[in-house]
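S.K.: Here's a structure for you.
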Amino acid sequence: MLPCLISSQIFDGYLDDATVFVDYNFNETLDFVDLNGNLVRDEDEDLIETVVATDYDGRFELTLPYEADQNLDGFFSVDEAQLVAIGGTDISTDYAIDIPMTAPLTYPTVSPLSTLVAKLRLATGADLETTESRLIDAM
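If you want the working numbering, it's the 1-based position in the sequence shown plus 2.
Here is the structure:
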């Protein structure tokens, strides 16, 4: 299996220079190897999760390594990771964004609505289709 390229965009107004990462353990934290045990990422400590910054219009591309296919079925699924976006500046308001947004790994965008889907899916344990149906019915 070859690595997979994810090409996406963040919407809440477009977010410039946001940090986007693939959260393999669903903790919404950019994980790193803490060699000295100080709980702070130092220069010599590598990131565990795939990370990239967005460009001016909120676009980003991430390459998932084949090791990210945790169940070894040849596909990347919503049960193996989620996308997390933190920080950045909303270019429509010029305000800094300090609330993280998430999205199921297979979603085409990261937005407040995708965050709602991701959080509800994780909280209920429902599959993606059921979660989306519940949100549609609620709206």
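The C-beta atom is built at its ideal place from N, Cα and C for all residues, glycine as well.
Computed from a prediction, not measured in an experiment: that's the story for all the values here.
Throw me the rounded Cβ distance for the R123 and P106 pair, which I believe falls under 8 Å.
M.R.: Right, the Cβ-Cβ distance comes to about 7 Å (below 8 Å), so this counts as a contact.
S.K.: State buried or exposed for L4, treating a residue as buried only when at least 16 other CB atoms are found within 10 Å of its CB.
M.R.: Note that L4 scores 47 on pLDDT, short of 50, meaning its location in the model is unreliable and no value can be drawn from it.
S.K.: Jot down the residue ranges of each uninterrupted alpha helix (DSSP H) in the segment 82-133, minimum 4 residues, whole runs only, in chain order.
M.R.: Complete alpha helix (DSSP H) runs here, min 4: 114-126.
S.K.: Note down, one range per segment and in chain order, each beta strand (DSSP E) of at least 3 residues found wholly within the segment 9-48.
M.R.: Those beta strand (DSSP E) runs which fall completely within the segment 9-48 and span 3+ residues are 21-25.
S.K.: Just mark G60 as buried or exposed, buried being the case when its beta carbon has 16 or more other beta carbons within 10 Å.
M.R.: G60 should be labelled buried.
S.K.: Among Y68, D48, D46, L85, whose alpha-carbon lies nearest the alpha-carbon of V112?
M.R.: Among Y68, D48, D46, L85, the Cα nearest to that of V112 is on L85.
S.K.: Given that a residue counts as buried once 16 or more other Cβ atoms are within 10 Å of its Cβ, and exposed if not, what is G39?
M.R.: Result: exposed.
S.K.: Would the beta-carbon of G76 fall within 8 Å of that of L17?
M.R.: No; because the gap between Cβ atoms is not below 8 Å, this pair is not in contact.
S.K.: Label S10 either buried or exposed according to how many other C-beta atoms from any shown protein chain fall within 10 Å of its C-beta, with 16 as the threshold for buried.
M.R.: Answer is buried; the Cβ neighbour count reaches 16.
S.K.: So the candidates are L137, E134, A120; which of them puts its Cα closest to the Cα of E30?
M.R.: The residue with the shortest Cα to Cα distance from E30 is A120.
S.K.: Considering only their Cβ atoms, is the gap separating A55 from T108 smaller than 8 Å?
M.R.: No, these two residues do not count as a Cβ contact at 8 Å.
S.K.: Within 10 Å of its beta-carbon, does A125 have 16 or more other beta-carbons around it, so buried, or fewer, so exposed?
M.R.: Its Cβ having fewer than 16 others within 10 Å, A125 is exposed.
S.K.: Please state if the CB of A98 and the CB of E82 are separated by a distance shorter than 8 Å.
M.R.: Going by C-beta atoms, E82 is not nearer than 8 Å to A98.
S.K.: Assign L66 to one of three DSSP states: helix, strand, or coil.
M.R.: Three-state DSSP puts L66 in a strand.
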